[in-house]
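Read top to bottom, the protein sequences are chains B and X.
Numbering of the first sequence is given in my numbering, commencing with residue 5 and proceeding in unit increments.
Numbering of the second sequence is given in my numbering, commencing with residue 598 and proceeding in unit increments.
Working notes, beginning with the structure itself.
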Amino acid sequence: KAGVTQTPRYLIKTRGQQVTLSCSPISGHRSVSWYQQTPGQGLQFLFEYFSETQRNKGNFPGRFSGRQFSNSRSEMNVSTLELGDSALYLCASSPIDRGEQYFGPGTRLTVT
Amino acid sequence: GENVEQHPSTLSVQEGDSAVIKCTYSDSASNYFPWYKQELGKGPQLIIDIRSNVGEKKDQRIAVTLNKTAKHFSLHITETQPEDSAVYFCAASSAAGKSTFGDGTTLTVKP
């Protein structure tokens, strides 16, 4: 079974721009979560989607948003990028309500 | 909200020795405790997990113990090998799809 895929793998953006990251979960997984990983803050939960609905949300500003499509694929969007948004953005998928999460390789976002 | 503390932040052991990483959590509602291994340039990989109705779980050289009363859980790796070198994260979860992670432990296994 194919793992979680994330595109693009690397991205360089300028402050003030917006960016959209994509995640394709493992086939059959309906829950998709997003995390931000930085050296200083570690792994921080952004939000989780299940059946196209946002079910949980972390403590991030409204510039961070996401959505999930009917095929469980998910996108996250960051508007008005700031230098501090530079991070590895990880997507994880879960089988329905079973807890374990399977992570993709991440998208490395650099904001200049 | 949940708070997870992980110790130590770095751990260096000789090949063949055991390694132990400890985590504490704050939310008594947490009922799922996974451990992840992250290698350079990769996403975290689930290596073992334990649920709150179990005290110990073992998978070959890896074991996890959970003390719900004290709100702490530990990862034990026996007979360490150089390929065990990585960053290890503990996490606690009370809601599906949302985990709070520890800050990570960088394990180095010296040949």
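Backbone N, C-alpha and C fix where the C-beta goes; we use that ideal spot for every residue, glycine too.
Original post:
DSSP three-state call for X/Pro679: helix, strand or coil?
Top reply: Position 82 of the second sequence holds residue 679 of chain X. Residue state, collapsed to three classes: helix.
**OP:** Under 7 Å Cβ to Cβ from X/Asp681, same chain only, skipping five residues before and after it: list those, please.
**Re:** Taking the second sequence and counting its residues from 1, the one referred to as residue 681 of chain X is at position 84. Correct list, in chain order: Ile674, Leu704, Val706.
Original post:
Does the Cβ of X/Ser696 have 16 or more other Cβ atoms within 10 Å, making it buried, or fewer, making it exposed?
Top reply: Numbered from 1 along the second sequence, position 99 holds the residue referred to as residue 696 of chain X. So X/Ser696 ends up on the buried side.
**OP:** With 8 Å as the threshold, decide whether the Cβ of X/Thr697 is near any Cβ in chain B.
**Re:** For this step, residue 697 of chain X is matched to residue 100 along the second sequence. Yes, because at least one Cβ of chain B sits closer than 8 Å to the Cβ of X/Thr697.
**OP:** Report the partner residues of B/Ser97 according to the DSSP bridge assignment.
**Re:** Taking the first sequence and counting its residues from 1, the one referred to as residue 97 of chain B is at position 93. According to DSSP, B/Ser97 bridges with B/Val36, B/Tyr106.
**OP:** Work out the CA separation of X/Pro708 and B/Ser97 for me, nearest whole Å.
**Re:** Locating residue 97 of chain B in the first sequence gives position 93, counting from the first residue. Locating residue 708 of chain X in the second sequence gives position 111, counting from the first residue. Here the alpha carbons of X/Pro708 and B/Ser97 stand approximately 35 Å from one another.
Original post:
Out of curiosity, what's the CA-to-CA distance linking B/Ser76 and X/Tyr629?
Top reply: Within the first sequence, residue 76 of chain B is the residue found at index 72, counting from 1. Within the second sequence, residue 629 of chain X is the residue found at index 32, counting from 1. So the two alpha carbons sit approximately 23 Å from each other.
Original post:
Using the beta-carbon count (16 or more within 10 Å), is B/Tyr14 buried or exposed?
Top reply: Numbered from its first residue, the first sequence carries residue 14 of chain B at position 10. B/Tyr14 should be labelled exposed.
Original post:
Taking Cβ positions, are B/Gln41 and B/Leu47 nearer each other than 8 Å?
Top reply: As a position in the first sequence, residue 41 of chain B is number 37, starting the count at 1. As a position in the first sequence, residue 47 of chain B is number 43, starting the count at 1. Yes, they are a contact pair.
Subject >> Contacts that X/Ala660 makes with chain B (C-beta to C-beta distance below 8 Å) >> reply: Here residue 660 of chain X is taken as the residue at index 63 of the second sequence, counted from 1. What X/Ala660 touches in chain B: nothing, since even the nearest Cβ is about 17 Å away.
Original post:
Quick one: which chain B residues come within Cβ less than 9 Å of X/Pro631?
Top reply: As a first step, residue 631 of chain X must be located in the second sequence, where it is residue number 34. Correct list: Gly103, Glu104, Gln105.
Original post:
If you draw a straight line from the C-alpha of X/Lys654 to the C-alpha of B/Glu52, how long is it?
Top reply: Looking up residue 654 of chain X in the second sequence gives position 57. Looking up residue 52 of chain B in the first sequence gives position 48. Distance from the CA atom of X/Lys654 to the CA atom of B/Glu52, rounded to whole angstroms, is 28 Å.
Original post:
Got a sec: is the Cβ-Cβ distance from B/Leu47 to anything in chain X below 8 Å?
Top reply: Start at 1 with the first residue of the first sequence, and residue 47 of chain B comes out as number 43. It does; some Cβ of chain X falls within 8 Å.
Original post:
What are the partner residues of X/Asp656, as DSSP defines its beta bridges?
Top reply: The sequence position of residue 656 of chain X within the second sequence is 59, counting from 1. X/Asp656 pairs with X/Ile659.
Original post:
Using the C-alpha atoms, what's the distance from B/Glu56 back to B/Gly84?
Top reply: For the purposes of this step, residue 84 of chain B is taken as residue 80 along the first sequence, with counting starting at 1. For the purposes of this step, residue 56 of chain B is taken as residue 52 along the first sequence, with counting starting at 1. According to the sequence provided, residue 84 of chain B is Thr. The question's Gly does not apply to it. Going by the C-alpha atoms only, they are around 25 Å apart.
Original post:
Using a C-beta to C-beta distance shorter than 9 Å, which residues of chain B count as neighbours of X/Asp624?
Top reply: As a position in the second sequence, residue 624 of chain X is number 27, starting the count at 1. Neighbours of X/Asp624 on chain B: none; closest Cβ ~13 Å, over 9 Å.
Subject >> Cβ-based contacts, 9 Å cut-off: residues of the region 637 to 655 of chain X near chain C >> reply: In the structure shown, chain C does not exist; the protein chains are B and X.
Original post:
Is B/Gly70 helix, strand or coil when you go by DSSP?
Top reply: Working through the first sequence from its first residue, we reach residue 70 of chain B at position 66. Of the three classes helix, strand and coil, the one that applies to B/Gly70 here is strand, per DSSP.
Original post:
Mind pulling the beta strand (DSSP E) runs of 3 or more residues that sit fully within the region 600 to 645 of chain X?
Top reply: 601 to 604, 607 to 611, 616 to 622, 629 to 635
Subject >> is_contact[X/Phe686, chain B] using C-beta, thresh 8 Å >> reply: Here residue 686 of chain X refers to the residue found at position 89 of the second sequence. Closer than 8 Å to some Cβ of chain B, the Cβ of X/Phe686 qualifies, so yes.
Original post:
Is X/Lys634 buried or exposed, if buried means 16 or more other CB atoms sit within 10 Å of its CB?
Top reply: Against the second sequence, residue 634 of chain X aligns to sequence position 37. Counting Cβ neighbours within 10 Å, X/Lys634 comes out buried, since at least 16 surround it.
**OP:** Report yes or no: do the region 617 to 632 of chain X and the region 640 to 650 of chain X share at least 3 C-beta pairs separated by less than 8 Å?
**Re:** yes
**OP:** Check the Cβ-Cβ distances between B/Gly108 and every residue of chain X, and say whether any is below 8 Å.
**Re:** Translated into the one-based positions of the first sequence, residue 108 of chain B becomes position 104. It does: the Cβ of B/Gly108 has a partner Cβ on chain X nearer than 8 Å.
Subject >> Residue burial classification, X/Thr677 (beta-carbon count within 10 angstroms, cutoff 16) >> reply: For the purposes of this step, residue 677 of chain X is taken as residue 80 along the second sequence, with counting starting at 1. So X/Thr677 ends up on the buried side.
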